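Before any comments, here is the structure.
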Amino acid sequence: MKVIYRGLCPADSNDIDSIRLGSGRLCEICENKQKGLKIKEIDKFFPRDSLYYEFKFIERNKREFIKFCNKVIGKPYTAQLNWFTKAILSESFAITVPTGLGKTTFGILYILYLYYGKLTNILENRKVKHCFFIAPTRLLVQQTYERFIEFSKKAGLELRIIHSNEKDKKALKQKLKEKEFDIAILTPSFLLKNKELFTSNEFLGIASIIFVDDVDALLKRSKSIDIILHMLGFDDTLLKEVRPVLRKPVKDVTVEERKVLLENINKYKEDKEIGQLIFSSATTRVFTSRIRLLRYLLNFEPGSSLELFRKVYDVYITFEKRDNILADIINDTAKWVKKLGKGGLIFIPLDKGEKFLNELCTKLKEERNKL
Ligand SMILES: [Zn+2]
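Counting from 9, one number per residue, gives the positions in the sequence shown under the numbering used here.
Written as structure tokens, this is what we have:
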């Protein structure tokens, strides 16, 4: 059965049928237009706002990001590449995965990549001025700062990186005030303590990106949210318009009200540069009203499910009863361990006994030495 997708031709957003779409082709109008074009002209055929163009932009940047990561730390994880795809399109979203899956590292790499991309012009129209990284504690600010320094050196980037642990607070505030920095690493309490500065007119829309690393507390306090939104470019007048609607229960907001509000937000965003917000969290606890606010303003996407990025295989081995079966099981287990790589659990039936366990251990150690 042929299905027509309205407005989904990757080149000109005309209607396209499922057969063409499924085989990577364009709509009929496009294909007719394309006839006779030379290969070099084909890329220019796709306008800047087309899906095809976006796809090419992502692919180019992904390749460059992998190169960049290899210079700095090694191959990025699949999950990190997935986050990158979203991030490079300037989307605001939450990363919700357990600790240890490389969220913090991703935040650092992504921010540095933006400066790197600025140099190589691969980001095209995107402007990158000041970036902020919010870490939960002073200790983590320190650690993050050290990694920023280490990574940027490896990437050959010369950046002005400041952090809220700096002893000379007067000098630090001066640097902030004069905007003499590229990246600022701060605790949420530093933001709150210096609310006046961060919500001043000069700081409206100062942030190209704010990466909030594991600071759930930030979503709990409307004061800190206000600071963040101001730095991303939303002024009080707009927020005053949004808040009353959001305070109402969802069911009481009329379609008309919603429409007007969204129109006003879009109008506001049209001629302004709004920063990007990436929020990382180990839990999926959501503070509904705040998320709704972020959703309205930034099309913010709350965290995705954990399983999406977990690569876990459940494997079991079965054998028919015969002689020498244990040796086969051991060999097979070793094969699977090798195939699946690091980080796994092996369960053995109790009745196999300790001798079997020891043999398996020896075998696996042998295999590891071979690798
Ligand atoms: Zn088309």
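C-beta: ideal position from N, C-alpha, C; glycine also. Being a predicted model, the structure only gives us computed values, none of them experimental.
Check, Outcome
"Check whether Leu165 and Tyr123 have beta carbons under 8 Å apart", "yes"
"Residue range of the beta strand (DSSP E) that includes Val105", "No beta strand (DSSP E) contains Val105, which DSSP labels as neither H nor E."
"Three-pair Cβ contact test at 8 Å for the segment 149–163 versus the segment 210–218", "no"
"Contact belief for Ile273 with Phe219 at Cβ below 8 Å, rounded distance in angstroms", "Not confirmed; about 23 Å, so no contact."
"Leu122 beta carbon near ligand 1 (any heavy atom closer than 7 Å)", "no"
"Separation of Val136 from Asn129, as counted between CA atoms", "11 Å"
"Exposure label - Met239; buried when at least 16 CB within 10 Å", "buried"
"Anticipated Cβ contact below 8 Å, Ile235 with Leu199, distance rounded", "5 Å"
"Chain-order list of residues whose beta-carbon lies under 8 Å from that of Arg266 (same chain, five-residue window excluded)", "Val253"
"Inter-residue CB distance, Pro257 and Ala102 (contact presumed, cutoff 8 Å)", "Wrong, their Cβ atoms sit about 23 Å apart, outside the cutoff."
"Helix, strand or coil at Tyr6 [DSSP, three-state]", "No answer is possible for residue 6: it lies beyond the span of the chain, which begins at 9 and ends at 379."
"Cβ-Cβ distance between Ser289 and Gly115 below 8 Å", "no"
"8 Å Cβ cutoff met for Pro196 and Ile142", "yes"
"Segment limits, alpha helix (DSSP H) that includes Ser230", "Ser230 to Leu240"
"Cβ-based burial, Ile27 [other Cβ within 10 Å; buried from 16]", "exposed"
"Endpoints, beta strand (DSSP E) assigned at Cys139", "His138 to Ile142"
"Status (buried if at least 16 other CB within 10 Å, exposed otherwise) for Asn69", "buried"
"Cβ pair count under 8 Å reaching 3, the segment 365–375 against the segment 340–348", "yes"
"Sequence-distant residues of its chain with Cβ nearer than 7 Å to Lys94 (five each side left out)", "Phe101"
"Start-to-end residues for the alpha helix (DSSP H) that takes in Val80", "Leu59 to Val80"
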